[in-house]
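One structure below.
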Amino acid sequence: MTHDLNINARALAIKPSATLAVSARAAALRAEGKQVLNFSAGEPDFRPPAAVTRRVVDRLEGERVAYAPVPGLPALRDAAASELSTYHGRQIGRDEILISCGAKHSLANLFLVTLSPGDEVVIPAPYWVSYPAMVELGSGTPVFVEASAARGFKLDPARLGAVLNERTRFVVLNSPSNPTGVGYTAEEVRALGEVICAKAPRAWIVCDDIYRKLVFDGYEHVSAFRALEGLTDKVVVVDGVSKSYAMTGYRIGILAAPRHVVKAAAAVQGQTTSGAATPSQWAALEAMTNRAAQEDVVTMRGAFAKRRALMLEGLNEVPGVTTVPPDGAFYVFPNFGAYVGDRFADDVAFATWLLEEKLVASVPGSAFGAPGHLRLSFATSEEDIAEGLRRIKAAIESLAGGSAA
Ligand SMILES: Cc1ncc(COP(=O)(O)O)c(C=O)c1O
7 MTHDLNINAR ALAIKPSATL AVSARAAALR AEGKQVLNFS AGEPDFRPPA AVTRRVVDRL
67 EGERVAYAPV PGLPALRDAA ASELSTYHGR QIGRDEILIS CGAKHSLANL FLVTLSPGDE
127 VVIPAPYWVS YPAMVELGSG TPVFVEASAA RGFKLDPARL GAVLNERTRF VVLNSPSNPT
187 GVGYTAEEVR ALGEVICAKA PRAWIVCDDI YRKLVFDGYE HVSAFRALEG LTDKVVVVDG
247 VSKSYAMTGY RIGILAAPRH VVKAAAAVQG QTTSGAATPS QWAALEAMTN RAAQEDVVTM
307 RGAFAKRRAL MLEGLNEVPG VTTVPPDGAF YVFPNFGAYV GDRFADDVAF ATWLLEEKLV
367 ASVPGSAFGA PGHLRLSFAT SEEDIAEGLR RIKAAIESLA GGSAA
């Protein structure tokens, strides 16, 4: 076989995730019939709201499944515009909304149509794995700024200020965050906005609000538009139904951006994927407008809150491990640094050991630009959380006691 169908530089620049090896091993162990406890899930373990499923089934029986308009079904764009206008306290019109195949697609479209070579995008670390690759595919340059555990995994305005310049096109704000779960307050968002306005005249803020409805313990998500009122309205919002309504498989994302950006992103979408799948758009419309679906979100949030508490309680008992309590999403991001380094080459080796020895699947922090940590998802049952933490504690104690060679 000849190998002259070469992979181009753009694709070669996309590095395979460091976590792939761990998740492949977890799958292999499961296939062998081993009881792997899965703390690596990036999606809710619930079913979508029953009202959504019913409505989609009804419409599938009664309607043709035709192409949707490229930027989205008008009814869904209007519903998104209406919800986001109310939430952000500003008028957002239908032509400022683009419906895409998941929030990931929304972000990829945004970077594809707005970045040019030389443009920089500031990404606070720890970060969601896909941001750097998306920026690079959009021919921009990711610039990482550490948001340390000591500062609750939140970006320090002074550290942000040090990397901002006239090439900065975007600053990414993901609140609550994947992988840490932490959320910014209005004051914190404003402090970042002040530095951005002072130091990076071309920069916009991209708010990845995909977890905004999954918040706990009194934390309330902050609309950047509201927090930055009177300072700047250079804000682009990415939102969606994947996480809050347990609808990851439907693949619907929402971009709210100036109309010329939506128009350009729709043009790219029109020549690549076309409009998002019509039944998925029906589903998203039902999720966003059906009252019972909103109640399901509240129920799911309650279940996550209980699991979060269990997770924090359990981690508290693991010696030498520190955790910043999450404000939202369904992840915790504890620091196992005390145990990585001596005995393990890195956190990937540590996570692999935890998987092999205790059958606990996690995601190593290096995938998120924060080595030494593990991302543990609590999108799993209370029983599994209790058992998994028991196993983690036993694993750590075996290390501390030197018995695990
Ligand atoms: C921070 C963040 N943004 C965006 C997405 C993508 O969401 P979607 O499934 O709607 O593409 C995810 C999914 O893991 C995420 O964690």
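With the first letter of the sequence shown counted as 1, position 362 gets the number 368 in this note's numbering; the numbers rise by one all the way through. All residues carry an ideal CB built from backbone N, CA and C; glycine is no exception. Note that the structure is predicted; figures quoted are calculated from it, not measured.
Just so you know, the alpha carbons of Ala-81 and Thr-284 end up roughly 12 Å apart.
Within the model, the alpha-carbon separation for Ala-153 versus Val-63 is close to 45 Å. Put simply, the backbone Cα of Asp-239 is about 17 Å away from that of Leu-116.
Selection Val-304, Glu-200 and Val-241 evaluated against Leu-220 yields Val-304 as nearest (Cα-Cα). In the DSSP assignment, Arg-60 falls within the unbroken alpha helix (DSSP H) covering 56-68. A distance below 8 Å between beta-carbons, with the five flanking residues on each side excluded, links Pro-132 to the following residues of its chain, in chain order: Ala-153, Phe-159, Ser-183, Pro-185, Thr-186, Phe-339, Gly-371, Phe-374, Gly-375, Ala-376 and His-379.
Below 8 Å, enough C-beta pairs join the stretch 81-98 and the stretch 283-297 to call them touching: three or more. Contact residues of ligand 1 (beta-carbon closer than 6 Å to any heavy atom; chain order) are Gly-48, Gly-108, Ala-109, Lys-110, Trp-134, Asn-180, Asn-184, Asp-214, Ile-216, Gly-246, Ser-248, Thr-254 and Gly-259. Rounded to whole angstroms, the separation of the alpha carbons of Glu-194 and Gly-236 is 16 Å.
Membership of Glu-152 in the beta strand (DSSP E) is indicated by the continuous run 147-152.
Burial of Arg-313 is indicated by the presence of at least 16 other C-beta atoms within 10 angstroms of its C-beta. Taking a C-beta distance under 7 Å as the contact criterion, Leu-104 and Ala-271 qualify as a contact pair. A direct Cα-Cα distance of roughly 47 Å separates Leu-365 from Gly-95. Inclusion of Val-178 and Ile-129 in the CB contact set at 7 Å is warranted, their separation being smaller than that value. Just so you know, the alpha carbons of Val-212 and Asp-245 end up roughly 11 Å apart. Within the same chain, Cβ atoms closer than 7 Å to the Cβ of Val-169 are found at Val-128, Val-149 and Val-151, the five residues on either side in sequence being excluded.
In the DSSP assignment, the residues bridged to Trp-210 are Phe-176. With contacts defined by Cβ atoms closer than 7 Å, Gly-48 and Gly-259 do not form a contacting pair.
Gly-334 sits in a strand when the DSSP states are folded into three classes.
Rounded to the nearest whole angstrom, the CA to CA distance from Thr-174 to Glu-126 is 5 Å.
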